[in-house]
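Report on the structure given below.
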Amino acid sequence: MLDEERYVLYSQPMGLDLTPEPHKFVLVLAYLALAGFSNWWALAFIHDFVGREPLPDLIMSFIPEQSWAHRIGDIMVFLCSATMISVMVLHKQRVIVARRIFFILGCLYWMRTFSMMATQLPSAYADNQEKCRAQLGPSERTFSVYWKRFLEQTIHIGFQDIEEKMLCGDLLFSGHTLVMVISYLTVEYYLPRRWKLVSILPRIFMYTGMICMVLSRTHYTIDVLFAYWLSIGIFSMYHVFCEVDTYRDRKNSILQNFIVIKAVSWLEANIIPGRLNNELELPFWECVKEKWHSRRTHQSHATVVASESSSGNTIQEA
């Protein structure tokens, strides 16, 4: 790529004239929703098949189960999600940012569904019989039972009340961890440079939450590690593709060997290669400013017209 071409490319005001393409956003949102539903349906199904004896775990062999840590872990997930959503809403290119993050989350949740259906691990609690609901026999496993479990998970957005007996088996890939990691990466990547210190908060929340997931035995250590590695990998792969300098290089990139990148190519087809300008603004602020400016202009024009009319009448009287 010639220096002049590179200058022209990077001198374009990225983030000013980018098309939000709402139809792509709607499709990605549906993709994420289906991924979430698939997770909850998988858990509703596999609960009756998972074992009840916890597996050996290095951390858990030294530290006993800490029930209080489960609640702290859920709070960390909420705080991480809140910071990520805040950045997405306040980012000037909020539709594009949200579309990217929702697609990444959708990919991770589909991977989680396949993991749960492929291999079922017993829960890591010290007493799974006390924590987990009773398993049903073959004759009791009806569609209505699975449907009731699925609706329960949907209503609570995947969270379960630790004070009551739970559905068990959503292991091998921590959903809590993937949300926290993607939240931190989103804030760190899309926050303007002058606000970078703020990204320390979701990082603290993330590591605290990951530790609490293991201490509370909500997840095995390997669940948290797999989610951490895969979340960083998928997020990085998507954004490395976005930062490839030219469309030609994108097409010839080794990343094209991944099926998911075919979808990413379509999502990013009308976006200038490179990083977005990270600018924050209140939603609809530009519309409010334009309407305010238009109103002030109209009032000023009306005042001028009234003044000229008054002057004309004075001259006629004279």
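For the record, in the sequence shown the residue sitting at position 247 is 247 according to UniProt numbering, with numbers rising by one throughout. C-beta atoms are modelled at their ideal positions from N, C-alpha and C, and glycine is treated no differently. As the structure is a computational prediction, the values presented were derived from the model and not from experiment.
DSSP assignment within the UniProt domain "Sphingomyelin synthase-like" (168-239) yields the following whole alpha helix (DSSP H) runs of 4 residues or more, N-terminal first: 175-190 and 200-215. Distances from the CA of TRP68 to each of SER231, ASN277, SER216 and HIS239 were compared; the closest alpha carbon is that of SER216. Nearest Cα to GLY274 within the set LEU43, ALA33 and VAL240: VAL240. In this structure, LEU225 is the residue among LEU225, ILE261 and PHE235 with its C-alpha nearest to the C-alpha of ILE59.
Straight through space, the alpha carbons of THR177 and GLY73 are spaced by roughly 9 Å. Collapsing the DSSP output to three states places HIS70 in a helix. Between the alpha carbons of VAL87 and ARG194 lies a gap of roughly 14 Å.
Residue environment: ASP249 is assigned as exposed (fewer than 16 neighbouring CB atoms within 10 Å of its CB, all protein chains considered). Scanning the region 37-125 from its first residue to its last, the whole alpha helix (DSSP H) runs of 4-plus residues come out as 58-62, 68-90 and 94-118. Burial is judged here by how many other beta carbons sit within 10 angstroms of a residue's own beta carbon; GLU53 has fewer than 16 and is exposed. The Cβ atoms of ASN39 and THR154 lie no closer than 8 Å to each other. Between the region 199-215 and the region 146-161, the count of C-beta pairs closer than 8 Å stays below three; the two stretches do not touch. The beta carbon of MET116 sits closer than 8 Å to those of ASN39, ALA42, LEU43, ILE46, GLY169, ASP170, LEU171, LEU172 and PHE173, all from its chain and outside the five residues before and after it, given in chain order. At a Cβ-Cβ threshold of 8 Å, HIS91 and LEU267 do not count as neighbours. In this structure, DSSP gives LEU280 an extended state, which the three-state scheme calls strand.
DSSP links CYS132 through a beta bridge to MET166. Straight-line spacing of the CA atoms in GLN120 and LYS24 works out to 34 Å.
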